[in-house]
Amino acid sequence: MKLLHEKAAGEGRDLLASEQKQWDRAAQAFRRAVLLEPTNLRARYFLATSLMDAGRDEDARVELERIRAEIVACRACPRLVAWREHVARVKTARFADQTYWGRPVPGFGDPGARILVLGLAPAAHGGNRTGRIFTGDRSGDFLYAALYRAGFANRPTSVSADDGLALRGVYVAAVNRCAPPGNRPTPAERDACLPFLVREIAALRRLRIVVALGAYAWDGALRALDALGHRVRPRPRFAHGAEAAVGPYALLGCFHPSQQNTFTGRLTPEMLDAVLARAAALARR
């Protein structure tokens, strides 16, 4: 954790420089708004706000692209590298004719997101095959259908990285970026990957809500927020529907949309819809 905090401190210094840039952009936006709306104060205010938001989202997009490139190139965990590449070579019968991604899977979504949906890790024949998180597997089918019903996605399915899916107001990521054997990353593998999540949260300037899909994601979210200086004591426990205030963020718990949970009815579409509706309500505040 010491190394994680040192990395977070470095990110914090970068963020201070970025904040100065935000102040400069705000001044520029206000001057531009005055020129475009010299008499209407209300219109001037909303124009300046929209100009600042656009700049903030562009900064987030650039930083997320930088993080994405580092994630995709990562080979830090030998066991995970060997497994993801083995799966990509051997494949499974129903996808035998497809070329697998076989690399770490970055986050995906709206740089201006106020809601982060966080999972455990890519599925061996889902994200590890398609290159996009929760894409090409049953868990993703369940999740993206719910995001579509909630108005966060432009389509209810996610089958490939180039299928035209776009998210609005939501960013989706995982605590671990490589598909792990048995779907069980080790603590060391979790800690090696966690700085990517810390940086993504820091880059998402409008982020206010984290929806943790399962106990592992809940734990990972708390660790990442702790590294950013937001520690909660006593540590909140995971439960479906649980809520915790963590610094400026609201952490919401939801059962993971695994086949085990969805096929048995432990997690129903209505239950996931309710969590997303709560996240949307909090995001509007």
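Offset between the sequence shown (1-based) and the numbering used here: plus 6.
Backbone N, C-alpha and C define an ideal beta-carbon position, used for all residues, glycine too.
Query: How is the beta strand (DSSP E) around cysteine 260 delimited, first residue to last?; Result: 255–260
Query: With leucine 210 and alanine 119 assumed to form a contact (beta carbons below 8 angstroms), what rounded beta-carbon distance in angstroms separates them?; Result: 6 angstroms
Query: For the 8 angstroms Cβ check, are there 3 or more pairs between the segment 263–275 and the segment 221–230?; Result: no
Query: Alpha carbon to alpha carbon, how far is arginine 214 from alanine 285? Give it in angstroms, no decimals.; Result: 9 angstroms
Query: Quick check: the Cα distance between histidine 262 and tyrosine 222, rounded to an integer number of angstroms?; Result: 9 angstroms
Query: Which of the three DSSP states, helix, strand or coil, is assigned to phenylalanine 114?; Result: strand
Query: Reducing DSSP to helix, strand and coil, say where glutamate 91 ends up.; Result: helix
Query: Output the distance between the C-alpha atoms of alanine 233 and valine 176, rounded to the nearest integer angstrom.; Result: 22 angstroms
Query: Determine whether the beta carbon atoms of alanine 180 and alanine 256 lie at a separation below 7 angstroms.; Result: no
Query: Rounding to the nearest angstrom, what Cα-Cα distance links alanine 172 and glutamine 104 in this structure?; Result: 23 angstroms
Query: Would alanine 167 and arginine 138 be called neighbours here (beta carbons separated by less than 7 angstroms)?; Result: yes
Query: Please state whether the Cβ-Cβ distance between proline 110 and arginine 74 is less than 7 angstroms.; Result: no
Query: Put alanine 66 into one of helix, strand or coil per three-state DSSP.; Result: helix
Query: Using a beta-carbon distance below 7 angstroms, is alanine 194 in contact with chain B?; Result: In the structure shown, chain B cannot be found, because there is only a single protein chain.
Query: Which residue from Cys184, Pro187, Gly125, Arg85 puts its Cα closest to that of leucine 219?; Result: Gly125
Query: If you scan the segment 211–259 from start to end, which runs of the beta strand (DSSP E) of 3 or more residues do you find wholly inside it?; Result: 215–219, 249–252
Query: Could you check if alanine 54 is buried or exposed, using at least 16 other CB atoms within 10 Å of its CB as the buried criterion?; Result: Residue placement at alanine 54 cannot be trusted, given a pLDDT of 45 that sits under 50; what the coordinates show is reported in the next sentence. Buried, since its Cβ has 16 or more Cβ neighbours within 10 Å.
Query: Taking the alpha-carbon positions, what's the alanine 251 to alanine 289 distance?; Result: 13 angstroms
Query: For my contact list, leucine 273 and glutamate 195 are in at a C-beta cut-off of 8 angstroms; report their separation, rounded to the angstrom.; Result: No, leucine 273 and glutamate 195 are not in contact; Cβ-Cβ is about 26 angstroms, not under 8 angstroms.
Query: Look up isoleucine 2 in the DSSP assignment and give the residues it is bridged to.; Result: Because the chain spans 7 through 291 in this model, residue 2 falls outside it and cannot be assessed.
Query: Going by other Cβ atoms of all chains shown within 10 Å of its Cβ, with 16 needed for buried, is histidine 92 buried or exposed?; Result: exposed
Query: May I ask you to report which of helix, strand or coil DSSP gives alanine 194?; Result: helix
Query: Going straight from the alpha carbon of aspartate 197 to that of glutamate 76, what length do you get?; Result: 16 angstroms
Query: I'd like the list of long-range same chain contacts for asparagine 182, defined as Cβ closer than 7 angstroms, with 5 residues on each side in sequence excluded.; Result: Leu126, Ala127, Pro191, Glu195, Arg196, Cys199
Query: Could you check the C-alpha separation between tryptophan 89 and glycine 157 for me, to the nearest Å?; Result: 36 angstroms
Query: From valine 165 to glycine 146, what does the alpha carbon distance come to, in whole angstroms?; Result: 9 angstroms
Query: Label threonine 141 either buried or exposed according to how many other C-beta atoms from any shown protein chain fall within 10 Å of its C-beta, with 16 as the threshold for buried.; Result: buried
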